[in-house]
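Going down the list, the sequences are from chains X and S. Per our numbering, the first sequence starts with residue -15, numbered consecutively. Per our numbering, the second sequence starts with residue 560, numbered consecutively. These notes are about the structure you will find just below.
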Amino acid sequence: AQSVTQPDIHITVSEGASLELRCNYSYGATPYLFWYVQSPGQGLQLLLKYFSGDTLVQGIKGFEAEFKRSQSSFNLRKPSVHWSDAAEYFCAVGPYNQGGKLIFGQGTELSVKP
Amino acid sequence: EAGVAQSPRYKIIEKRQSVAFWCNPISGHATLYWYQQILGQGPKLLIQFQNNGVVDDSQLPKDRFSAERLKGVDSTLKIQPAKLEDSAVYLCASSPRTSGGPGQETQYFGPGTRLLVL
């Protein structure tokens, strides 16, 4: 079955500290992988995406993610967190050639303490 | 460039009532999606349109939910009658096209409609 697992429901980090949000996927074909961020009352904003090529992907707002096929993971990282990064983060996987349906993880809520 | 527009932003109804949500995708985007996001969960696809044709509605509860995309632009999602478990945020997204091959198109999301069924 196709699925995305984000093991951490909620994470709290101090401002200026580094961040890593975990994402594991189960997918029967070549996956396309995404990270979206959702601020309270807002829609989802794309942070970054991986289709092929370099397994380290750079995104907006200083985020990056690394695709590891052997571990079926696509973890999101940021070297120094800002208070404005507090939000909910969703990992998603999409099909290679079956249209646009995305399968989302359950999300990780990030809190940033001063 | 204007983003995906949705209305209303909030709606409160009683169970067994009907409700409709509207979405206007980004201009020129051929593919439109409706997702349901229940509190504490990730979004789940309800229906996908390519122009005005349905590509995937396998997870749409067809006994109560319906959707249309007339003229391949705006779309309306309707629930009739609503149940308590329909309380959720309904997200509309659009993408330029469904390639059917390498290169998944990025989906752009609207702000969502928050529905509360009492």
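C-beta: ideal position from N, C-alpha, C; glycine also.
Burial state of residue i, where buried means 16 or more other Cβ atoms lie within 10 Å
i        : result
T39(X)   : exposed
S654(S)  : buried
K45(X)   : exposed
L604(S)  : buried
Q22(X)   : buried
P98(X)   : exposed
Q55(X)   : exposed
I87(X)   : buried
P24(X)   : exposed
T(-4)(X) : exposed
Q666(S)  : buried
L60(X)   : buried
G500(S)  : There is simply no residue 500(S) to check, as chain S begins at 560 and stops at 677 in what is shown.
S95(X)   : exposed
Nonlocal neighbours in the same chain, by C-beta distance under 7 Å from residue i, ignoring five residues either side
i       : result
P670(S) : Q565 and R568
D645(S) : I638, L674 and V676
Q29(X)  : Y20 and V21
R656(S) : A589, T590 and E664
Cβ shell of residue i (< 6 Å), same chain only, five flanking positions each side left out
i       : result
I571(S) : L675
P63(X)  : S2
G0(X)   : S64
Whole-Å CB distance - residue i paired with residue j, under 8 Å assumed
i       : j         : result
R628(S) : N611(S)   : 5 Å
V77(X)  : Q(-10)(X) : Incorrect: roughly 12 Å between the Cβ atoms, too far for contact.
V65(X)  : L3(X)     : 5 Å
Q607(S) : Y592(S)   : 5 Å
L31(X)  : Y20(X)    : 6 Å
Contact set between residue i and chain X, taken where Cβ atoms lie within less than 8 Å
i       : result
P670(S) : G25, Q26 and G27
L674(S) : Within chain X, no residue comes near L674(S); the closest Cβ sits about 14 Å away, beyond 8 Å.
7 Å Cβ cut-off: residues of chain S touching residue i
i      : result
F74(X) : G601
G91(X) : G601
K85(X) : L604, Q607 and D615
L30(X) : T665
F88(X) : G601 and P602
Close-in-space but distant-in-sequence residues of the same chain around residue i (CB under 8 Å, 5 per side omitted)
i       : result
K574(S) : P640, A641, K642, L643, V676 and L677
- Task: Flag this pair as touching only if the segment 70 to 77 of chain X and the segment 629 to 647 of chain S have three or more C-beta atom pairs under 8 Å; answer yes or no.
- Result: no
- Pairing CB atoms from the segment 25 to 36 of chain X with CB atoms from the segment 4 to 13 of chain X, are three or more of them under 8 Å? no
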